[in-house]
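A short write-up of the structure that comes next.
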Amino acid sequence: MLLSIITLLVAYIIGSIPSGILLGKYVYHKDPRQFGSGNIGTTNAFRVFGVKGGLIVFLCDALKGAIPVWLAMWLNPQVHPLLVGIVAVIGHSFSLFLNFKGGKAVATSFGVAFAFLPIFALLAIGVFFVCLYFSRMVSLSSLVGTGAAFFMSFYYQDWLFSLIVGLIWLLMIIRHRPNLERIKNGTESKVPFGWGYKKNQ
1 MLLSIITLLV AYIIGSIPSG ILLGKYVYHK DPRQFGSGNI GTTNAFRVFG VKGGLIVFLC
61 DALKGAIPVW LAMWLNPQVH PLLVGIVAVI GHSFSLFLNF KGGKAVATSF GVAFAFLPIF
121 ALLAIGVFFV CLYFSRMVSL SSLVGTGAAF FMSFYYQDWL FSLIVGLIWL LMIIRHRPNL
181 ERIKNGTESK VPFGWGYKKN Q
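Taking our numbering, the leading residue of the sequence shown gets 1, the next gets one more, and so forth.
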């Protein structure tokens, strides 16, 4: 029991590490919260830091989800690795170091899925990129990719796995409410590539 509590606590702390803010402070000398959408996650990191910085933030945020899951699989506490993973996701969204504020947990959720079941995570991110190409909206693609992951999870006939993926999807929907409103109003930001991009230039 003590090992399980420690593992969950460590997962929350790791998830809480604000990768984008740390990279901005010590490398780019910019606070991502002061630019673009004001979010600390990957999408805004691409806007504020460029491609290299965005990729670094994505990798760090994904590792925040993957490392606690790998740790749980190695230590084998009396708690499912995916429960450890979702605690890391909660840590990213409600960071201990940011007055319980944070990002939208897309990259961290991918890290959790990849650590537990790599092929599943790759299929989900494949759906994300297909949707991104046609919609040019990261927010919509994130929700569609995670929704697809939820329905794909039933293939494995593991109710806890499906429940965890469903909870992550629900959390992401809640975190993306402003984006959904902008999508509804036709004002959501779009990436500078994909279907119809050249046509609109």
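For glycine and all other residues, C-beta sits at the position ideal for the given N, C-alpha and C. Bear in mind that the values here come from a model prediction, so they are computed numbers and not experimental data.
Each residue's CA atom was taken as its position, placing F58 and P68 some 16 Å apart. Going by beta carbons, I125 and G15 fall outside the 8 Å limit. Sequence-distant partners of I21 (beyond 5 residues in either direction) whose C-beta falls short of 6 Å from its own C-beta, in its chain, are I40. In this structure, the straight-line span from the alpha carbon of Y133 to that of L117 is close to 25 Å. When rounded, the separation of the alpha-carbon atoms in L140 and S109 is 16 Å. Looking only at I5, T146 and A121, the smallest Cα-Cα distance to Q78 is reached by I5.
Listed as beta-bridge partners of S95 by DSSP are K101. For I14, the uninterrupted alpha helix (DSSP H) segment begins and ends at L2 to S16.
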